[in-house]
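Here the sequence shown is numbered in the working numbering, starting from 86 and rising by one per residue.
We put the beta carbon where it would ideally sit given N, CA and C, even for glycine.
Here is the structure we will look at, set down as structure tokens.
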Amino acid sequence: MPNAFNAICKWRSPSKIKTVKMLIKSLPGREMREEDAEVAMLKRWDEYGTRADFFRTPYQLACQLGLYYIKNGVYIPRFSKVPTNIKIEKYLNHWIDHYYAPNPYTETSDHPSLEPKLVVLELFKLCQNKGEIKWTEAETAIFGEITSTSARLRNIIDTHSKLIEIKNEIVSIRKGADKSLVKQLTEIEFQNSANDKKAFFEWFYGYESINDFIEIHNIDTDLNSDKKTEKLQLAKSRVGQGVFRESLFNEFQFCPITLCDDARLLIAGHIKPWNKSSNFERLDPKNGFLFTPTIDKLFDKGLISFNSDKSILLSSDLDQKNIEHLNLNNGDIIDNLPIEGREKYLRYHREKVFIK
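Structure (structure tokens):
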């Protein structure tokens with residue numbers, strides 16, 4: 086008989102700000118070798134209990150909260166300093182509405198067929214179809230059973246979700262629910278694996294709330310107002326560009342036109358321009374291509390675009406001599422162009438950016 090699915094860590098409730106603050110305080114605030122980070126964590130944990138206890142369950146909750154992850158022996162934290170209570174609450178609100186299970190920190194060996202699901206979004210869909218619904222019925226619909234951490238999951242959703250509330254074990258859509266968030270979550274091509282720690286960590290970056298995570302870049306609060314604003318904007322840009330570029334490289338690793346695969350020569354460019362995009366669109370990898378610099382410049386300036394059949398469009402602003410030098414032909418099919426999921430962004434590019 087398999088054990089009940091554990092949708093969230095059984096340690097202390099993540100709905101309490103003091104619990105999350107305790108975990109953040111126990112984590113180093115900069116990247117370092119995994120072994121050095123472990124020593125630092127254990128030393129800091131002395132304030133809260135026995136050192137060895139940290140790597141039993143507290144660390145698991147810290148990872149499920151997206152507070153850090155390990156990549157190739159390197160420890161990578163979310164925050165470089167302990168946020169204020171207000172920012173922790175904002176982060177928790179964002180986190181729970183994006184939380185999915187199973188994830189790399191849930192035990193799924195007894196449940197190999199379970200696919201990762203955005204828990205709050207699934208609850209929202211159920212309530213849209215049925216109105217109010219019993220928690221046990223909703224949980225069974227999502228996971229196929231009542232989870233072993235049912236009460237804990239229910240509590241964090243009711244405390245921090247902007248979309249769902251759960252009162253007396255009845256699930257309903259929260260009054261004034263953020264429908265734009267529902268739209269964003271619905272439109273995301275959600276393909277995260279239950280075992281991908283990197284994807285899980287990055288999943289909780291920004292989208293609509295990128296401003297709330299800016300302390301990971303150590304903004305200097307002593308700067309004068311103008312300089313501080315300038316540095317803040319630069320930090321925002323770096324957060325977005327880093328996540329966006331890495332997401333594109335996860336999908337494909339070369340320019341579909343030149344076939345160049347040297348990462349140093351590839352630019353992660355937006356299809357719908359950055360300054361015309363929402364925060365979600367700015368980080369959506371489906372709103373981007375990897376091109377070599379010349380191709381990126383042509384696309385960015387609206388001198389080329391693409392049809393949904395992968396055929397290239399050349400602007401009338403390009404003279405024939407340069408078209409020949411670029412070795413481009415109007416209507417050529419770019420077989421390696423990744424179209425799926427990018428249709429709406431390409432339509433915008435053809436209609437608003439491309440110079441006919």
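Presumed contact (8 Å Cβ cut-off) between S111 and I241, rounded CB distance: The pair is not a contact, with the Cβ atoms about 20 Å apart (cut-off 8 Å).
Quick check on this structure: which residue in C212, T104 and I342 has the alpha carbon closest to the alpha carbon of N414? I342
Mapping the DSSP letters down to three states, classify K264 as helix, strand or coil. helix
Could you tell me if H410 is buried or exposed, where buried requires 16 or more neighbouring beta carbons within 10 angstroms of its beta carbon? Within 10 angstroms of the beta-carbon of H410 lie fewer than 16 other beta-carbons, which makes it exposed.
Would you give the residue range spanned by the alpha helix (DSSP H) that S235 belongs to? S235 to H245
In or out: E428 buried (at least 16 other Cβ within 10 Å) or exposed? exposed
Within 8 Å, strictly: CB atoms of L208 and V256: Contact: yes.
My parser needs the beta strand (DSSP E) runs of 3 or more residues fully inside the region 132-160; what are they? 153-156
Tell me whether P378 is buried or exposed, calling it buried when 16 or more other Cβ atoms sit within 10 Å of its Cβ. exposed
For F353, which option in L344, E331 and F365 has the closest C-alpha, if you only look at C-alpha atoms? Correcting the residue type first, residue 353 is Ala in the shown sequence and not Phe. The option with the nearest alpha carbon to A353 is E331.
Helix, strand or coil, according to DSSP, for A92 in the structure here? In the three-state scheme derived from DSSP, where H, G and I count as helix and E and B as strand, A92 is classed as coil.
F391 by DSSP, collapsed to three states: which one? strand
Please identify the residue among N421, D404, N392 and P423 whose C-alpha is closest to the C-alpha of Y433. Among N421, D404, N392 and P423, the Cα nearest to that of Y433 is on N392.
What is the rounded straight-line gap between the Cα of C94 and the Cα of R237? A direct Cα-Cα distance of roughly 9 Å separates C94 from R237.
Does the separation of the CB atoms of A89 and S233 fall below 8 Å? Yes, these two residues count as a Cβ contact at 8 Å.
The alpha helix (DSSP H) spanning G124 covers which residue range? Here residue 124 is Val; the residue named in the question, Gly, does not match the sequence. Residues E119 to W130.
What residues are listed by DSSP as bridge partners for A353? L375
Rounded to whole angstroms, what is the Cα-Cα separation between K128 and M107? C-alpha of K128 to C-alpha of M107: approximately 14 Å in a straight line.
Terminal residues of the beta strand (DSSP E) in which E250 lies: I249 to K252
Cβ of G158 within 8 Å of Cβ of R118? yes
When the Cα atoms are used, what is the spatial distance from P168 to E120? 25 Å
Whole-Å CB distance - W96 paired with P143, under 8 Å assumed: 6 Å
Any idea what DSSP makes of L206, helix, strand or coil? helix
Name the DSSP bridge partner or partners of Y185? L203
For the region 268-287 and the region 218-233, state whether three or more C-beta atom pairs, one from each stretch, are separated by less than 8 Å. No contact exists between the region 268-287 and the region 218-233.
Would you grab the beta carbon distance between L270 and L368 for me? Rounded to a whole angstrom, and I think it's under 8 Å. With a Cβ gap of about 13 Å, L270 and L368 do not count as contacting.
Supposed contact pair Y184 and A122 - C-beta distance, whole angstroms, cut 8 Å: That pair is no contact at about 24 Å.
Any heavy atom of the ligand SAM closer than 7 Å to the Cβ of N170? The ligand content of the structure shown is nil, which means the ligand SAM is not present either.
From N412 to L399, what distance separates their C-alpha atoms? Between N412 and L399, the C-alpha separation is close to 12 Å.
Cβ-based burial, F439 [other Cβ within 10 Å; buried from 16]: buried
Bridge partner(s) assigned by DSSP for P162: Y153
Just to confirm before moving on: does the CB-CB distance between D417 and I389 stay below 8 Å? no
How many whole angstroms separate the CB atoms of K268 and R259, which I take to be in contact at a CB cut-off of 8 Å? No, K268 and R259 are not in contact; Cβ-Cβ is about 16 Å, not under 8 Å.
Within its chain, find whatever has a CB closer than 7 Å to the CB of W359; leave out the 5 residues flanking it on each side and keep chain order. R367
Report back the beta-carbon spacing between D263 and I251 to the nearest angstrom; my notes put them in contact at under 8 Å. Between I251 and D263 the Cβ distance is about 17 Å, and since that is not below 8 Å, they are no contact.
Taking all protein chains shown into account, do 16 or more other C-beta atoms lie within 10 angstroms of the C-beta of N407, making it buried, or fewer, making it exposed? Exposed, by the Cβ-count rule.
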